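Chains as they are written, first to last, in our numbering: chain D, 64 to 174; chain A, 12 to 125.
We put the beta carbon where it would ideally sit given N, CA and C, even for glycine.
Remember, predicted model here, so these are calculated numbers, not experimental data.
Take a look at the structure below.
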């Protein structure tokens, strides 16, 4: 089983709609969580950190569920420019702070 | 956030040749990381480049195939040696910064081996 798993999608979302997807992690020692956005053939770019209390950045909301060991990302009022692959990144304290990457969830926002 | 310049941005190479990828950071960092991302897959850490010491390679990656240099705290190179089509991938350098140790990436090198 992979340490970090994501639904690869694609999630086809009409413009203006809301989309949400999760990322599950298997290591209970996971300590830090991030969402990255990656456009086709480009480098991943940090979208937001994920905090225990949940956090929001404009149209994006990230949440952490430690009991069920997953994080989520919700995008409201989707824009065409939100089309990308969203990578989940987890840092585990028991592996010298190594980062574990999910394979990404593809989101396609359609007009 | 760190500004990381990586070059070349892409290259098409012949089997058996080598390619050196350069990564320049706008600030001094202790460690630089080299990742590979094969099509449709997650990022895989190749090695951690430490200034003044040999790089630390992850399982499945060896120095002879991926020699790394780290001559100072702002620069590193990764060489992909004796390339085969299986080496076709995006190669990314990265650094971690800030209290949360967030990871920032260079723009990547898209390598195609014929």
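Limits of the unbroken beta strand (DSSP E) element including residue i
i             : result
residue 102/D : Taken as a continuous stretch (DSSP letters only), residue 102/D belongs to no beta strand (DSSP E), as it is neither H nor E.
residue 39/A  : Per DSSP, residue 39/A belongs to no beta strand (DSSP E) and is neither H nor E.
residue 57/A  : 54-61
residue 92/A  : Taken as a continuous stretch (DSSP letters only), residue 92/A belongs to no beta strand (DSSP E), as it is neither H nor E.
residue 15/A  : 15-18
residue 99/A  : Residue 99/A -> no beta strand (DSSP E), and no H or E assigned at all.
residue 21/A  : 21-24
residue 113/A : 113-116
residue 79/A  : 79-83
residue 49/A  : Looking at the DSSP string, residue 49/A is not in any beta strand (DSSP E), and its letter there is neither H nor E.
residue 12/A  : Unbroken run through residue 12/A: none, as it is neither H nor E.
residue 68/D  : 67-69
residue 123/A : 120-124
residue 72/A  : From DSSP, residue 72/A is part of no beta strand (DSSP E); its letter is neither H nor E.
residue 168/D : 168-173
Residue i, buried or exposed, once every other Cβ within 10 Å from all chains shown has been counted against 16
i             : result
residue 51/A  : exposed
residue 107/D : buried
residue 41/A  : exposed
residue 120/A : buried
residue 100/D : buried
residue 17/A  : buried
residue 98/A  : buried
residue 53/A  : buried
residue 34/A  : buried
residue 115/D : exposed
residue 104/A : buried
residue 60/A  : buried
residue 110/D : buried
Supposed close pair residue i, residue j - CB separation, criterion 8 Å
i             : j             : result
residue 100/A : residue 47/A  : 5 Å
residue 148/D : residue 137/D : Not a contact, Cβ separation roughly 16 Å.
residue 125/A : residue 23/A  : 7 Å
residue 112/A : residue 160/D : 7 Å
residue 67/A  : residue 32/A  : At roughly 18 Å, the Cβ-Cβ gap does not stay under 8 Å, so residue 67/A and residue 32/A are not in contact.
Own chain residues within Cβ distance below 6 Å of residue i, not counting five before or after
i             : result
residue 155/D : 90, 92 and 93
residue 78/A  : 90
residue 62/A  : 81 and 84
residue 72/D  : 168 and 169
Same chain, Cβ closer than 7 Å to residue i, neighbours up to 5 away in sequence not counted
i             : result
residue 72/A  : 57 and 58
residue 151/D : 67, 69, 86, 98, 134 and 165
residue 127/A : Residue 127/A falls outside the range modelled here, since chain A spans only 12 to 125, and no answer is possible.
residue 79/D  : 140 and 141
Residues near residue i in its chain [Cβ-Cβ closer than 8 Å; skip 5 each side]
i            : result
residue 70/D : 84, 85 and 168
residue 13/A : 36, 37, 38, 40, 106, 108 and 115
residue 5/A  : The structure shown does not extend to residue 5/A, since chain A is modelled only from 12 through 125, so no value can be given for it.
Quick one: which unbroken beta strand (DSSP E) runs of 3-plus residues sit fully inside the segment 86-158 of chain D? Chain order, please. 93-101, 108-113, 118-120, 123-128, 133-138 and 147-155
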